[in-house]
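First residue of the sequence shown? That's 91 in the working numbering, and the numbers climb one at a time after it. In this text, a Cβ means the ideal position worked out from N, Cα and C, and glycines have one as well. Treat the numbers as computed from the prediction; the structure is a model and nothing was measured. Here the structure is laid out as structure tokens; the discussion comes afterwards.
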Amino acid sequence: MDYDLPSSLPFVNDEYDLLIICPEEWIDALQQLKQHKESHGIRTVIAGLNEIYSGKYFSIQGRDPAEKIKYFIKDAIEQWGIKYVMLVGGRQFGVKEKWFMPVRYAYAIDNVPPFTENGFLSDLYFADVYKYEDGNIAFDDWDSNGNGIFAEYNNKGKYDDVDLYPDVYVSRLPCRNKIELKTVVKKIINYEKIGEREKRIILCGGDTDLNDRDDLNEGEYSNEKVAEIMSDFECIKLWTSNNMLSRKNFFKEIMKGAMFVDFSGHGSPNSWATHPHNSDEWIGITIFDIFFYFNGNKLPIIFANACHTAQFNLSYECFGWDFVKKIGGGGIAFISSTGLSYGFGGYETVKSLSGYLELNFFRNYYNSTFLGEMFYNAIIGYLNNIPMDDWQDFKTVEEYVLLGLSCLEINL
Numbered sequence: 091m092d093y094d095l096p097s098s099l100p101f102v103n104d105e106y107d108l109l110i111i112c113p114e115e116w117i118d119a120l121q122q123l124k125q126h127k128e129s130h131g132i133r134t135v136i137a138g139l140n141e142i143y144s145g146k147y148f149s150i151q152g153r154d155p156a157e158k159i160k161y162f163i164k165d166a167i168e169q170w171g172i173k174y175v176m177l178v179g180g181r182q183f184g185v186k187e188k189w190f191m192p193v194r195y196a197y198a199i200d201n202v203p204p205f206t207e208n209g210f211l212s213d214l215y216f217a218d219v220y221k222y223e224d225g226n227i228a229f230d231d232w233d234s235n236g237n238g239i240f241a242e243y244n245n246k247g248k249y250d251d252v253d254l255y256p257d258v259y260v261s262r263l264p265c266r267n268k269i270e271l272k273t274v275v276k277k278i279i280n281y282e283k284i285g286e287r288e289k290r291i292i293l294c295g296g297d298t299d300l301n302d303r304d305d306l307n308e309g310e311y312s313n314e315k316v317a318e319i320m321s322d323f324e325c326i327k328l329w330t331s332n333n334m335l336s337r338k339n340f341f342k343e344i345m346k347g348a349m350f351v352d353f354s355g356h357g358s359p360n361s362w363a364t365h366p367h368n369s370d371e372w373i374g375i376t377i378f379d380i381f382f383y384f385n386g387n388k389l390p391i392i393f394a395n396a397c398h399t400a401q402f403n404l405s406y407e408c409f410g411w412d413f414v415k416k417i418g419g420g421g422i423a424f425i426s427s428t429g430l431s432y433g434f435g436g437y438e439t440v441k442s443l444s445g446y447l448e449l450n451f452f453r454n455y456y457n458s459t460f461l462g463e464m465f466y467n468a469i470i471g472y473l474n475n476i477p478m479d480d481w482q483d484f485k486t487v488e489e490y491v492l493l494g495l496s497c498l499e500i501n502l
């Protein structure tokens, strides 16, 4: 499951490990994080957007702000040797979509109602810097057909040749103001200072696909497979089948603290939920519940096999980011999809699509030092082991994002 950059890349220096990109007015709020990471051996550089756009460090390339950022990351890999990138900035408040930090929309869509989305956010775009073209290493702009629609894959015969393999570990803090940024910086520093954590994982699931042919509670089955992988963890099973899945019980368990949470079910930008067996009843939690999670420094890394829980392009802030930016508790990082997430019913649920990525994420805990490695090795494993012959496979790896710090220490 390892994937290495081609050895013939023109690296010049090995100067930095972590690149943080942010608006100029937030650079000062990131200095403490820079000092902290450097005290842990992670050489860090902070670049402001205007510095990038003005060519302060490297010559300017790119058709739009997002591509300028991607070219800057390419130059930073080759000139500085960076391995980790954190993009800082989300959507600005207001009806019109404007951004503190550029984003890229991808278009692996089927155009078949009701499963149609007119594009979705993909931070993998910034991580997948290179591709092979005619046997040579080339910049991957995700627009091989040149029509300005990125990572295109649809039923109208329009496709882009995209590599998809990450060449650097990219994450994002979709902050909307400096208060949120300072909150998350403080949480990250305190998290890493605490060091070793109690090995607990909260598993939340129920019946994702009603009346499937295997008569299976898919979310619980996926949770159980995660528990088998995390065999040295105390596994807290909040399921519909054991009547333990409730807002009250999740509150109780997150207040005790956990290293991980695994949500397996359904989602929206403001909630996660699932069903009892073959029932249309919904049981779950919402962004309003997160307000009451004052779990201090006992902060979990959260993975959600669910739709839209990391969709950070709305006028209000999403479920996943609410966990990360929560003052006095919540979570330390959130991994999930920015759009409609897909999966199979029955026992096939863990063999491909989001269910496979879910298990692969936890498999990589044991061979990863940092969270970005755990997440992107899961994507690499998907690309290596699943035939990429359907738009749903492309969308699965493109739509999952890491909200948090890519070089967050996880095995202390």
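Pairwise C-alpha distance: residue j and residue i
| i | j | result |
| --- | --- | --- |
| R290 | P390 | 9 Å |
| Y243 | D250 | 7 Å |
| L300 | I150 | 52 Å |
| I227 | Q482 | 27 Å |
| I303 | G436 | Note that residue 303 corresponds to Arg in the displayed sequence, not to Ile. Going by the C-alpha atoms only, they are around 6 Å apart. |
| I495 | G180 | A small fix is needed here, since residue 495 is Leu in this sequence, not Ile. The alpha-carbon atoms of L495 and G180 are separated by roughly 15 Å. |
| K327 | D297 | 14 Å |
| H126 | K248 | 46 Å |
| T206 | I136 | 38 Å |
| Q121 | P366 | 47 Å |
| S361 | Q169 | 42 Å |
| E288 | F341 | 18 Å |
| N454 | E314 | 17 Å |
| N235 | R153 | 15 Å |
| K221 | D230 | 5 Å |
| V274 | K415 | 6 Å |
| S97 | C497 | Here S97 scores only 49 on pLDDT, less than 50, and its place in the model is too uncertain to base an answer on. |
| D524 | G347 | The structure shown does not extend to residue 524, since the chain is modelled only from 91 through 502, so no value can be given for it. |
| E499 | K441 | 29 Å |
| F148 | E141 | 9 Å |
| Q182 | N403 | 9 Å |
| Q401 | Y446 | 21 Å |
| I417 | D253 | 38 Å |
| W329 | S261 | 30 Å |
| P359 | S431 | 12 Å |
| N307 | F350 | 21 Å |
| I344 | N385 | 7 Å |
| I111 | N475 | 33 Å |
| H40 | H130 | Since the first and last residues shown for the chain are 91 and 502, residue 40 lies out of range. |
| K124 | Y490 | 26 Å |
| D107 | F460 | 12 Å |
Burial state of residue i, where buried means 16 or more other Cβ atoms lie within 10 Å
| i | result |
| --- | --- |
| D92 | The predicted position of D92 is uncertain, since its pLDDT is 48 and thus under 50; no value can be drawn from it. |
| P477 | exposed |
| G429 | buried |
| D479 | exposed |
| N332 | exposed |
| S312 | buried |
| F378 | exposed |
| N501 | exposed |
| K188 | exposed |
| E270 | buried |
Short Cβ contact (8 Å threshold) for residue i with residue j
| i | j | result |
| --- | --- | --- |
| H398 | S354 | no |
| P155 | P113 | no |
| L263 | V178 | yes |
| S321 | N395 | no |
| S369 | V185 | no |
| F452 | I425 | no |
| G419 | Y456 | no |
| S212 | E488 | yes |
| G171 | D104 | yes |
| R194 | E407 | no |
| W372 | K268 | no |
| V316 | D257 | no |
CB contact below 8 Å: residue i versus chain D
| i | result |
| --- | --- |
| Q125 | Here there is only one protein chain, and chain D is not present. |
Rounded Cβ spacing between residue i and residue j (contact assumed at less than 8 Å)
| i | j | result |
| --- | --- | --- |
| G410 | L493 | 5 Å |
| Y281 | I239 | The pair is not a contact, with the Cβ atoms about 39 Å apart (cut-off 8 Å). |
| Y174 | G462 | 6 Å |
| D352 | I380 | Contact flag wrong, Cβ pair sits at about 17 Å. |
| K158 | Y143 | 6 Å |
| W232 | Y255 | Not really, about 13 Å apart at Cβ, beyond 8 Å. |
| S458 | N450 | Rounded, the Cβ-Cβ distance is 12 Å, inconsistent with contact. |
| Y259 | A217 | 7 Å |
| I375 | R337 | 5 Å |
| T364 | G295 | 6 Å |
heavy atom of the ligand MG below 7 Å from residue i C-beta
| i | result |
| --- | --- |
| G429 | Judged by which ligands are present, the structure shown has none, so any question about the ligand MG falls away. |
### Every unbroken alpha helix (DSSP H) within the region 288-352, with a cutoff of 4 residues, ordered by chain
308-319, 337-346
### Task
Please specify which runs of the alpha helix (DSSP H), each continuous and at least 4 residues long, are wholly inside the region 142-225, giving them in chain order.
155-170, 214-217
### Message
Which complete alpha helix (DSSP H) runs does the region 236-269 hold, if anything under 4 residues is left out?
### Response
none
### Message
Extract the residue ranges of the alpha helix (DSSP H) inside the region 360-414, only unbroken runs of 4 or more that lie entirely within it.
### Response
377-380
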